[in-house]
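Chains as they are written, first to last, in our numbering: chain G, 401 to 595; chain Z, 158 to 474. Backbone N, C-alpha and C define an ideal beta-carbon position, used for all residues, glycine too.
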Amino acid sequence: MKIGVLALQGAFIEHIKILRDLGVEAVEVRLPEDLEGLDGLIIPGGESTTIGKLATMYHFMEPLREFAARKAMWGTCAGMIFMAKEIGDGRSNHGQPLLAIMDILVDRNAFGRQVDSFEVDLDVPVINNGAVAPFPAVFIRAPRLVAVKGDTQVIARLADGTAVAAQEGKWLVTSFHPELTGDDRFHKYFLKLAA
Amino acid sequence: MASAIGTVQILEEHMSNKNGHSTQGGVGSFKVKTGLAQMLKGGVIMDVVTPEQAIIAERAGAVAVMALERVPADIRAQGGVARMSDPGLIKEIIQSVTIPVMAKARIGHFVEAQILEAIGVDYIDESEVLTPADEEHHIYKHPFKVPFVCGCRNLGEALRRIGEGAAMIRTKGEAGTGDVVEAVRHARTVLGEIRRLQLMPDEELMSYAKTIGAPYALVKETKDLGRLPVVNFAAGGIATPADAALMMQIGVDGVFVGSGIFKSADPAPRAKAIVEATTHYNNPEILARVSENLGEPMVGINVSSLPESEQLAVRGW
Numbered sequence: 401m402k403i404g405v406l407a408l409q410g411a412f413i414e415h416i417k418i419l420r421d422l423g424v425e426a427v428e429v430r431l432p433e434d435l436e437g438l439d440g441l442i443i444p445g446g447e448s449t450t451i452g453k454l455a456t457m458y459h460f461m462e463p464l465r466e467f468a469a470r471k472a473m474w475g476t477c478a479g480m481i482f483m484a485k486e487i488g489d490g491r492s493n494h495g496q497p498l499l500a501i502m503d504i505l506v507d508r509n510a511f512g513r514q515v516d517s518f519e520v521d522l523d524v525p526v527i528n529n530g531a532v533a534p535f536p537a538v539f540i541r542a543p544r545l546v547a548v549k550g551d552t553q554v555i556a557r558l559a560d561g562t563a564v565a566a567q568e569g570k571w572l573v574t575s576f577h578p579e580l581t582g583d584d585r586f587h588k589y590f591l592k593l594a595a
Numbered sequence: 158m159a160s161a162i163g164t165v166q167i168l169e170e171h172m173s174n175k176n177g178h179s180t181q182g183g184v185g186s187f188k189v190k191t192g193l194a195q196m197l198k199g200g201v202i203m204d205v206v207t208p209e210q211a212i213i214a215e216r217a218g219a220v221a222v223m224a225l226e227r228v229p230a231d232i233r234a235q236g237g238v239a240r241m242s243d244p245g246l247i248k249e250i251i252q253s254v255t256i257p258v259m260a261k262a263r264i265g266h267f268v269e270a271q272i273l274e275a276i277g278v279d280y281i282d283e284s285e286v287l288t289p290a291d292e293e294h295h296i297y298k299h300p301f302k303v304p305f306v307c308g309c310r311n312l313g314e315a316l317r318r319i320g321e322g323a324a325m326i327r328t329k330g331e332a333g334t335g336d337v338v339e340a341v342r343h344a345r346t347v348l349g350e351i352r353r354l355q356l357m358p359d360e361e362l363m364s365y366a367k368t369i370g371a372p373y374a375l376v377k378e379t380k381d382l383g384r385l386p387v388v389n390f391a392a393g394g395i396a397t398p399a400d401a402a403l404m405m406q407i408g409v410d411g412v413f414v415g416s417g418i419f420k421s422a423d424p425a426p427r428a429k430a431i432v433e434a435t436t437h438y439n440n441p442e443i444l445a446r447v448s449e450n451l452g453e454p455m456v457g458i459n460v461s462s463l464p465e466s467e468q469l470a471v472r473g474w
């Protein structure tokens with residue numbers, strides 16, 4: 401099993417470390433040719449505008465869409481925004497590029513500014529195998545799922561019902577950052593999707 | 158990372174109880190403060206003085222902007238007391254972009270920090286570029302919900318700032334000069350001290366902590382991690398894509414570019430080139446391509462020609 405982490409900008413080293421601790425070969429992806437031979441790709445948290453611009457400049461958009469058509473892909477925070485078909489936050493996005501892979505509508509910075517960033521325990525049945533251990537979720541200037549369409553399933557919600565994680569086949573998106581916690585259950589779940 | 162942050166949280170809880178603030182879990186926890194810095198890694202944070210410059214920076218791919226009235230080169234040239242920027246200007250810049258907005262408070266000026274937190278700034282730089290308000294104490298940063306970044310020249314200074322609650326560290330360099338030599342010196346000093354620390358047996362750590370004036374628990378965490386417990390950027394004198402890539406190869410997590418962009422002849426292409434160089438810092442072919450035809454860089458000041466009274470990096474205790 402070989403998993404890539406898009407390393408244009410953001411928290412890619414954190415993902416790589418967890419994957420390696422799980423015994424998986426993990427590589428940084430900086431150019432489209434680095435996608436060759438991967439079983440899955442993680443798009444990490446970071447600044448979605450920066451990641452989108454660098455992905456456009458370095459001709460990643462079509463190769464990433466072709467990759468997703470065949471393989472597993474997981475976007476955390478900025479990665480979730482980048483994978484969305486539609487974003488809407490009521491403000492100009494200055495032409496932010498989107499991969500438009502997953503049938504979701506995402507609201508950027510939906511919880512406010514950094515002073516509103518928070519941690520909360522989430523119930524995520526799909527990663528638990530019947531157990532009921534909450535997942536420690538870290539939300540940083542986080543987006544939220546406004547709507548999911550087609551075959552996309554919401555897999556985690558906040559207590560107030562806000563959707564914060566979803567899955568469509570081999571594609572996974574989370575508003576929060578499992579790579580910032582010591583909990584590797586989301587990474588293990590993604591490896592199952594990639595297998 | 159998790160284990161390091163765990164120790165800092167213990168310090169934080171101990172101190173915040175005394176202060177009557179609750180910063181555990183939920184909003185404003187140390188994890189969400191350090192977490193934002195982790196999201197900025199591999200990126201470029203640019204100084205801007207107008208909303209128009211902020212938009213240019215965002216379009217060039219900056220991960221955040223530092224909202225200022227004057228860039229360090231102008232502060233240096235004009236002299237006088239340099240203070241927090243007008244909150245009205247900072248709010249206009251916040252409204253103009255979707256990326257995080259940082260702003261500077263004077264060393265020890267916790268009321269400037271309270272004002273910046275109240276207007277919704279995403280990160281506060283307690284900065285030696287402004288005139289210090291306290292020549293003995295830095296801001297006690299733990300009770301704030303907003304995270305802080307602080308400058309350092311060596312490991313002891315970095316760990317003292319983290320002990321006070323800084324969630325991100327940067328080298329001081331020598332701001333407003335366009336001369337990268339001090340940023341290199343400070344990054345090499347911090348990273349070299351960490352490498353030597355890793356070779357020390359545990360029984361030497363207490364004495365070492367005393368020598369460098371750093372909290373013991375953070376010295377131990379840094380040894381175990383092999384890096385600072387928080388994100389570490391380079392700042393102070395970075396003016397070209399090659400400067401940014403140099404700092405990344407030396408081992409920092411990202412770069413601040415202050416005067417280097419908007420004091421150059423053609424800011425937009427230079428900003429974009431520095432962003433590309435920070436991502437592809439290990440790829441000389443890309444670095445060569447992005448370095449072409451950028452026009453004149455900012456006019457520099459050779460740091461070795463500056464008298465100590467004009468050096469900003471010596472501010473901070």
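Worksheet item: Comparing alpha-carbon positions, which option in 595(G), 586(G), 533(G), 575(G) lies nearest residue 478(G)?
Response: Position 78 of the first sequence holds residue 478(G). Minimum Cα distance to residue 478(G) is reached at 575(G).
Item to complete: With DSSP collapsed to three states, give me the class of residue 562(G).
Response: Mapped onto the first sequence, residue 562(G) falls at position 162. If DSSP states are grouped into helix, strand and coil, residue 562(G) belongs with coil.
Worksheet item: If the cut is a Cβ gap below 9 Å, which residues of chain G does residue 204(Z) touch?
Response: Here residue 204(Z) corresponds to residue number 47 of the second sequence, with the count starting at 1. Simply none; closest approach about 17 Å.
Item to complete: Could you tell me which residues DSSP puts in a beta bridge with residue 261(Z)?
Response: As a position in the second sequence, residue 261(Z) is number 104, starting the count at 1. 282(Z).
Discussion item. Counting only Cβ-Cβ distances shorter than 8 Å, please list the residues of the region 439-464 of chain G near chain Z, keeping chain order.
Written reply: 445, 446, 447, 449, 450, 453, 454, 457
Worksheet item: Considering only C-alpha positions, which residue in the set 573(G), 474(G), 586(G) is nearest to residue 545(G)?
Response: Working through the first sequence from its first residue, we reach residue 545(G) at position 145. Comparing Cα positions, the closest option is 573(G).
Item to complete: Determine the burial state of residue 398(Z): buried for a count of at least 16 other Cβ atoms within 10 Å of its Cβ, exposed for fewer.
Response: Within the second sequence, residue 398(Z) is the residue found at index 241, counting from 1. Buried, by the Cβ-count rule.
Practice prompt. Label residue 356(Z) either buried or exposed according to how many other C-beta atoms from any shown protein chain fall within 10 Å of its C-beta, with 16 as the threshold for buried.
Written response: As a working mapping, residue 356(Z) is identified with position 199 in the second sequence. By the 10 Å Cβ count, residue 356(Z) comes out exposed.
Item to complete: Could you tell me which chain G residues have their CB closer than 9 Å to the CB of residue 274(Z), listed as they occur along the chain?
Response: Counting from 1 along the second sequence, the entry for residue 274(Z) is found at position 117. Result: 515.
Worksheet item: Which residue from 461(Z), 320(Z), 313(Z) puts its Cα closest to that of residue 338(Z)?
Response: Looking up residue 338(Z) in the second sequence gives position 181. The shortest Cα separation from residue 338(Z) among 461(Z), 320(Z), 313(Z) belongs to 461(Z).
Discussion item. Tell me which residues of the region 403-415 of chain G have at least one Cβ-Cβ distance to chain Z shorter than 9 Å, keeping chain order.
Written reply: 407, 408, 409, 410, 411, 412, 413, 414
Worksheet item: If we ignore side chains and look at the alpha-carbon of each, how far apart do residue 314(Z) and residue 369(Z) end up?
Response: On the second sequence, position 157 is the one that residue 314(Z) refers to. On the second sequence, position 212 is the one that residue 369(Z) refers to. Their Cα atoms are separated by approximately 8 Å.
Fill in: Euclidean distance between Cα positions of residue 206(Z) and residue 228(Z)
Taking the first residue of the second sequence as 1, we reach residue 206(Z) at position 49. Taking the first residue of the second sequence as 1, we reach residue 228(Z) at position 71. Straight-line Cα distance between these residues: approximately 7 Å.
Worksheet item: Looking at C-beta atoms only, is the number of pairs between the region 369-388 of chain Z and the region 419-428 of chain Z that lie closer than 8 Å three or more?
Response: no
Worksheet item: Does the Cβ of residue 447(G) have 16 or more other Cβ atoms within 10 Å, making it buried, or fewer, making it exposed?
Response: Residue mapping note: residue 447(G) aligns to position 47 of the first sequence, counting from 1. That one is buried.
Item to complete: Below 8 Å CB to CB, which residues in the same chain sit around residue 537(Z) once its five sequence neighbours on both sides are set aside?
Response: Outside the shown range of chain Z (158 to 474) lies residue 537(Z), about which nothing can therefore be said.
Worksheet item: Which chain Z residues sit within Cβ distance under 7 Å of residue 535(G)?
Response: Along the first sequence, read from residue 1 onward, the residue named residue 535(G) stands at position 135. In chain order: nothing, as chain Z lies at least about 14 Å away.
Practice prompt. Pick out the complete beta strand (DSSP E) segments inside the region 511-567 of chain G, 3 residues or longer, and give them in chain order.
Written response: 518-522, 535-539, 544-548, 553-557
Worksheet entry | Positions along the region 562-585 of chain G whose CB lies within less than 8 Å of some CB in chain Z | 577, 580, 581, 582
Discussion item. For the pair the region 304-322 of chain Z and the region 534-550 of chain G, tell me if three or more CB-CB distances fall below 8 Å.
Written reply: no
Worksheet entry | Proximity test, Cβ basis, 8 Å: residue 518(G) and chain Z | By 1-based counting over the first sequence, the position of residue 518(G) is 118. For residue 518(G), the answer is yes, since a Cβ of chain Z falls inside 8 Å of its Cβ.
Discussion item. Using beta carbons (cut-off 8 Å, strictly below), is residue 429(G) in contact with chain Z?
Written reply: Indexing the first sequence from 1 puts residue 429(G) at position 29. Chain Z, which has no Cβ nearer than 8 Å to the Cβ of residue 429(G), makes this no.
Item to complete: Answer with buried or exposed for residue 414(G), where buried requires no fewer than 16 other C-beta atoms within 10 angstroms of its C-beta.
Response: Counting from 1 along the first sequence, the entry for residue 414(G) is found at position 14. Residue 414(G) should be labelled buried.
Discussion item. Does chain Z have any CB closer than 8 Å to the CB of residue 528(G)?
Written reply: Here residue 528(G) refers to the residue found at position 128 of the first sequence. So, not an interface residue.
Worksheet entry | Close Cβ partners of residue 434(G) (< 8 Å) along its chain, the five nearest in sequence each way excluded | Along the first sequence, one-based indexing puts residue 434(G) at 34. So the list reads 404, 427, 428, once near-sequence residues are dropped.
Discussion item. Please identify the residue among 426(Z), 437(Z), 435(Z) whose C-alpha is closest to the C-alpha of residue 449(Z).
Written reply: Here residue 449(Z) corresponds to residue number 292 of the second sequence, with the count starting at 1. The shortest C-alpha separation from residue 449(Z) is found at 426(Z).
Worksheet item: Whose C-beta lies closer than 6 Å to the C-beta of residue 501(G) among residues of the same chain, with five residues either side of it excluded?
Response: Numbered from its first residue, the first sequence carries residue 501(G) at position 101. Once the five neighbours on either side are set aside, the close Cβ partners of residue 501(G) are 468, 483.
Worksheet item: Does the beta-carbon distance from residue 324(Z) to residue 304(Z) come in below 8 Å?
Response: As a working note, residue 324(Z) is residue 167 in the second sequence. As a working note, residue 304(Z) is residue 147 in the second sequence. Cβ distance < 8 Å, so residue 324(Z) and residue 304(Z) count as in contact.
Discussion item. Per the DSSP calculation, residue 473(G) is bridged to which residue(s)?
Written reply: Position 73 of the first sequence holds residue 473(G). For residue 473(G), which the question treats as bridged, DSSP gives the partners 441(G), 571(G).
Fill in: CB of residue 184(Z) within 8 Å of CB of residue 377(Z), strictly
If you number the second sequence from 1, residue 184(Z) lands on position 27. If you number the second sequence from 1, residue 377(Z) lands on position 220. Contact: no.
Worksheet item: Identify the residues that DSSP records as bridge partners of residue 601(G): which are they?
Response: Since the first residue of chain G shown is 401 and the last is 595, residue 601(G) is not available in this structure.
Practice prompt. Taking only the alpha-carbon atoms, compute the straight-line gap between residue 465(G) and residue 473(G) and give it to the nearest angstrom.
Written response: The residue labelled residue 465(G) in the question sits at position 65 within the first sequence. The residue labelled residue 473(G) in the question sits at position 73 within the first sequence. Going by the C-alpha atoms only, they are around 10 Å apart.
Worksheet item: the region 497-511 of chain G: which residues have C-beta closer than 9 Å to a C-beta of chain Z, in chain order?
Response: 508, 509
Discussion item. Within a Cβ cutoff of 7 Å, which residues of the same chain sit near residue 455(Z), ignoring the five residues on either side of it in sequence?
Written reply: Along the second sequence, one-based indexing puts residue 455(Z) at 298. Result list for residue 455(Z): 230, 335, 396, 416, 417, 420, 421, in chain order.
Fill in: CB contact check: residue 546(G) to chain Z, cutoff 8 Å
For this step, residue 546(G) is matched to residue 146 along the first sequence. Cβ-Cβ to chain Z under 8 Å: no for residue 546(G).
Worksheet item: Does the separation of the CB atoms of residue 194(Z) and residue 432(Z) fall below 8 Å?
Response: For the purposes of this step, residue 194(Z) is taken as residue 37 along the second sequence, with counting starting at 1. For the purposes of this step, residue 432(Z) is taken as residue 275 along the second sequence, with counting starting at 1. No.
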